[in-house]
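Quick note, the sequence shown lines up with residues 18 to 311 if you use my numbering. Okay, structure first, notes after.
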Amino acid sequence: MHADEPGTDAPLVRRLIAAQFPHWSALPVERVGAAGTANAMYRLGDDLVVRLPRTAGSADDIATEHHWLPRLAPGLPVAIPAPLGAGVPGEGYPHPWSVYGWLDGSCPAVGDTAEAVPLARDLARFVTALHRADPTGGPPSYRSEPLAARDRAVRKALADLTTEIDTAAAAEIWQTALRVPAPAGPPVWIHADLQPGNMLTADGRLTAVIDFGCLGLGDAAVDLIAAWYVLPAAARDTFRTAVEADDAAWARGIGWALSIALMELQYYRETNAFMADTARHVIAEILADQRQRA
Numbered sequence: 018m019h020a021d022e023p024g025t026d027a028p029l030v031r032r033l034i035a036a037q038f039p040h041w042s043a044l045p046v047e048r049v050g051a052a053g054t055a056n057a058m059y060r061l062g063d064d065l066v067v068r069l070p071r072t073a074g075s076a077d078d079i080a081t082e083h084h085w086l087p088r089l090a091p092g093l094p095v096a097i098p099a100p101l102g103a104g105v106p107g108e109g110y111p112h113p114w115s116v117y118g119w120l121d122g123s124c125p126a127v128g129d130t131a132e133a134v135p136l137a138r139d140l141a142r143f144v145t146a147l148h149r150a151d152p153t154g155g156p157p158s159y160r161s162e163p164l165a166a167r168d169r170a171v172r173k174a175l176a177d178l179t180t181e182i183d184t185a186a187a188a189e190i191w192q193t194a195l196r197v198p199a200p201a202g203p204p205v206w207i208h209a210d211l212q213p214g215n216m217l218t219a220d221g222r223l224t225a226v227i228d229f230g231c232l233g234l235g236d237a238a239v240d241l242i243a244a245w246y247v248l249p250a251a252a253r254d255t256f257r258t259a260v261e262a263d264d265a266a267w268a269r270g271i272g273w274a275l276s277i278a279l280m281e282l283q284y285y286r287e288t289n290a291f292m293a294d295t296a297r298h299v300i301a302e303i304l305a306d307q308r309q310r311a
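Okay, here's the thing in structure tokens:
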């Protein structure tokens with residue numbers, strides 16, 4: 018998926034565990050999926066998971082996660098990853114890496130209408146609790162910049178995607194988002210990547226939020242991307258009402274969701290079918306919302 022991404026496999030994980038965490042060396046190792054863009058994941062026994070960053074940038078997130086996740090977890094209504102071990106480069110693998118507690122559940126189907134309203138309320142409770150966490154000392158989020166700072170990259174993505182989507186309509190929505198006022202208050206804690214692959218559900222309810230690589234302080238509207246990445250249209254009003262998003266915040270949320278999806282489709286259309294299909298879905302949902310409002 019990425020240039021210069023190191024190769025990983027189960028034997029490598031076994032060697033790393035044996036060298037750095039020998040008390041876990043007898044546990045079986047099994048690869049978990051292949052869609053994750055930031056980390057390659059391997060289940061370690063029944064209760065643990067090993068995360069190997071795919072890029073140096075993802076490796077840089079480890080220290081933030083290990084420091085802040087245990088501090089944020091008690092105030093959140095669902096489980097988040099619990100860091101249990103911090104590995105260092107070795108056995109030919111070049112990055113720091115981590116061992117976390119395993120969290121059961123399955124990723125929600127994109128746009129699934131079954132039990133969407135309860136999921137919307139669960140997401141709103143998580144987002145609201147995270148945004149209310151004490152921001153003292155928190156680092157800026159990976160997505161802490163104003164929308165205007167993304168304009169050049171969005172325009173480049175639009176130019177590259179003329180055969181994939183209705184770029185004229187998308188450009189109009191993007192231009193509208195750029196005119197929205199900036200947030201009035203101070204930055205808050207945001208997950209900043211609330212996509213289907215970063216949350217777990219059971220029986221239609223949210224049970225965990227995972228992959229906090231974008232964690233930090235930023236505009237609360239960034240977390241509104243879940244409305245288009247995860248929820249069907251029928252549940253969006255429930256989510257918006259529950260998080261008390263005003264018109265400006267909602268419009269910025271549209272801008273964030275559109276900009277992220279455009280750049281993900283541009284980047285992953287040849288390398289990660291799941292991410293590309295998700296991005297296409299998000300763009301289509303935003304365009305459909307716009308047509309309904311017109």
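Backbone N, C-alpha and C define an ideal beta-carbon position, used for all residues, glycine too.
Q | Residue ranges of each beta strand (DSSP E) within the segment 52-129, 3 or longer | A | Taking only runs of at least 3 residues, the beta strand (DSSP E) segments lying wholly in the segment 52-129 are 56-61, 65-70, 100-104, 114-118.
Q.
Given this structure, state the Cα-to-Cα distance separating Asp151 from Ile300, to the nearest angstrom.
A. Numbered from its first residue, the sequence shown carries residue 151 at position 134. Numbered from its first residue, the sequence shown carries residue 300 at position 283. Cα to Cα, Asp151 sits roughly 33 Å from Ile300.
Q: Along the alpha helix (DSSP H) that carries Thr258, what are the first and last residues, could you check?
A: As a position in the sequence shown, residue 258 is number 241, starting the count at 1. Element bounds for Thr258: 250-260.
(Q) Can you give me the C-alpha to C-alpha distance between Leu164 and Gly62, rounded to a whole angstrom? (A) Residue mapping note: residue 164 aligns to position 147 of the sequence shown, counting from 1. Residue mapping note: residue 62 aligns to position 45 of the sequence shown, counting from 1. Computed Cα separation, rounded: 43 Å.
Q. How about Val116 and Gly107: do their beta carbons lie closer than 9 Å?
A. Taking the sequence shown and counting its residues from 1, one reaches residue 116 at position 99. Taking the sequence shown and counting its residues from 1, one reaches residue 107 at position 90. In this structure, the beta-carbon distance from Val116 to Gly107 does not fall below 9 Å.
**Q.** Reduced DSSP category for Ile227 - H, G, I as helix; E, B as strand; rest coil
**A.** Against the sequence shown, residue 227 aligns to sequence position 210. Reduced to three states, the DSSP call for Ile227 is coil.
Q) Does the segment 136-146 come close enough to the segment 217-228 to have 3 or more Cβ pairs within less than 8 Å? A) Judged by Cβ distances under 8 Å, the segment 136-146 makes contact with the segment 217-228, as three or more pairs qualify.
Q: Report the partner residues of Val205 according to the DSSP bridge assignment.
A: Sequence index remark: in the sequence shown, residue 205 carries index 188 (1-based). Paired residue(s): Gly235.
Q.
Assuming the contact rule is C-beta atoms closer than 8 Å, Ala186 and Leu304 should be a hit. Round their C-beta distance to whole Å, please.
A. Numbered from 1 along the sequence shown, position 169 holds the residue referred to as residue 186. Numbered from 1 along the sequence shown, position 287 holds the residue referred to as residue 304. About 5 Å; that satisfies the 8 Å criterion.
Q: Determine the direct distance from the alpha carbon of Asp306 to that of Pro111, and round the result to whole angstroms.
A: As a working note, residue 111 is residue 94 in the sequence shown. As a working note, residue 306 is residue 289 in the sequence shown. Taking the straight line from one Cα to the other gives about 44 Å.
Q) Helix, strand or coil: which one does DSSP assign to Arg222? A) Translated into the one-based positions of the sequence shown, residue 222 becomes position 205. In the three-state reduction of the DSSP assignment, Arg222 falls in the strand class, which pools E and B.
Q) Do you know offhand how far Ile242's Cα is from Asn215's? A) For the purposes of this step, residue 242 is taken as the residue at position 225 of the sequence shown. For the purposes of this step, residue 215 is taken as the residue at position 198 of the sequence shown. Approximately 12 Å, taken between the alpha carbons.
**Q.** Trp119 and Leu69 closer than 9 Å at C-beta
**A.** Against the sequence shown, residue 119 aligns to sequence position 102. Against the sequence shown, residue 69 aligns to sequence position 52. No. Outside cutoff.
Q | Beta-ladder partner(s) of Val299, from DSSP | A | Mapped onto the sequence shown, residue 299 falls at position 282. Paired residue(s): none; Val299 is not in a bridge.
Q. What residues in its chain sit with their C-beta under 6 Å from that of Gln37, if we drop five residues either side in the sequence?
A. As a position in the sequence shown, residue 37 is number 20, starting the count at 1. Listed in chain order, the non-local C-beta contacts of Gln37 below 6 Å within the same chain comprise Gly104, local neighbours out to five positions each way being set aside.
Q.
Between Ile271, Gln212, Thr295, Cys231, which has its C-alpha nearest Ala188's C-alpha?
A. Counting from one through the sequence shown, the residue named residue 188 turns up at place 171. For Ala188, the nearest C-alpha among the options comes from Ile271.
Q) What first and last residue would you give for the beta strand (DSSP E) that runs through Glu287? A) The sequence position of residue 287 within the sequence shown is 270, counting from 1. Counting along the chain, Glu287 falls outside any beta strand (DSSP E), and DSSP gives it neither H nor E.
Q: Measure the Cβ-Cβ separation of Leu195 and Asp240 and say whether it is below 9 Å.
A: One-based indexing of the sequence shown puts residue 195 at position 178. One-based indexing of the sequence shown puts residue 240 at position 223. No.
Q | Residue from Ala133, Leu234, Ile190 with nearest C-alpha to Pro249 | A | Counting from 1 along the sequence shown, the entry for residue 249 is found at position 232. Ranking Ala133, Leu234, Ile190 by Cα distance to Pro249 puts Ala133 first.
Q) Where do the ends of the beta strand (DSSP E) carrying Arg48 lie? A) As a position in the sequence shown, residue 48 is number 31, starting the count at 1. Unbroken beta strand (DSSP E) run through Arg48: 46-49.
Q | Nearest neighbour of Ala183, chosen from His298, Thr25, Asp64, Ala237 [CA to CA] | A | As a position in the sequence shown, residue 183 is number 166, starting the count at 1. One detail in the question is off: residue 183 reads as Asp in this sequence, not Ala. The candidate whose alpha carbon is nearest that of Asp183 is His298.
Q.
Going by C-alpha to C-alpha distance, which of Ala296, Asn289, Ala268, Asp228 sits closest to Leu279?
A. Taking the sequence shown and counting its residues from 1, one reaches residue 279 at position 262. Checked all of Ala296, Asn289, Ala268, Asp228; the closest Cα to Leu279 is Ala296.
**Q.** Distance between beta carbons of Tyr159 and Gly230, contact taken as under 8 Å
**A.** Locating residue 230 in the sequence shown gives position 213, where the first residue counts as 1. Locating residue 159 in the sequence shown gives position 142, where the first residue counts as 1. Their Cβ separation, rounded to whole angstroms, is 7 Å, which keeps Gly230 and Tyr159 in contact under 8 Å.
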